[in-house]
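Residue numbers for the sequence shown follow full-length UniProt numbering, so the first one is 1 and each next one is one higher.
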Amino acid sequence: SDISTLRRHLGLKHEYPYRQWAKANNFRSMIPKDVAERKKATAAAAASQSTINDHAVPLEPKAKVIPYSHELFQQAALEWLIETDQPISALEHPKFQNMISVAARATHGV
């Protein structure tokens with residue numbers, strides 16, 4: 001007798017006791033109906049496409065560097081004068097002008 005014939009017979013005539021026995025003995029049911037369900041579940045799991053959302057990590061936004069402009073420099077210089085309580089003549093001091101000249105030659109920011 002063929003083993004598949006025995007499995008079909010168990011599934012048709014003794015399904016409930018067979019499943020109880022399989023569960024009690026930690027045995028995977030081989031009834032054709034159960035095998036078909038497992039195959040269907042495996043195929044469905046294989047057919048579902050994984051997403052990158054589980055692996056993607058949000059990046060910190062980069063600080064936007066505003067390119068140099070004369071107006072921007074004037075605004076920054078005025079704010080510096082006010083915040084540090086400097087006299088207006090500080091902008092005309094040769095050492096301050098030299099410091100700004102050095103900073104202006106920086107290629108990747110100060």
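For each residue, glycine too, the CB sits at the ideal point set by N, CA and C. Because the structure is a prediction, the values reported are computed rather than measured.
Can you tell me the Cα-Cα spacing of residue i and residue j, whole angstroms?
i, j, result
"P17", "A24", "10 Å"
"F27", "W21", "8 Å"
"residue 117", "A46", "No answer is possible for residue 117: the residues shown for the chain start at 1 and end at 110."
"K13", "S48", "36 Å"
"N77", "P58", "The question names Asn, yet the displayed sequence has Ala at residue 77. One C-alpha to the other measures close to 36 Å."
"L10", "A56", "49 Å"
"P67", "A41", "58 Å"
"E33", "I52", "The identity of residue 33 in the sequence shown is Lys, whereas the question assumes Glu. Distance between the alpha carbons of K33 and I52: 35 Å."
"K39", "P61", "46 Å"
"T84", "A90", "11 Å"
"A103", "V65", "15 Å"
"L72", "W80", "12 Å"
"E15", "I3", "16 Å"
"I88", "I82", "9 Å"
Shortest alpha-carbon distance to residue i belongs to which of the options?
i, options, result
"A36", "Q74, R7, M99", "R7"
"Q97", "D85, Q74, L12", "Q74"
"I100", "I31, H70, R19", "H70"
"M30", "A44, L72, T5", "T5"
Quiz item: Enumerated in chain order, which unbroken segments of the alpha helix (DSSP H) with a length of 4 residues or greater are wholly contained in the stretch 20 to 54?
Solution: 32 to 47
Self-check item: Length-filtered (3 minimum) beta strand (DSSP E) runs lying within the stretch 49 to 87
Solution: none
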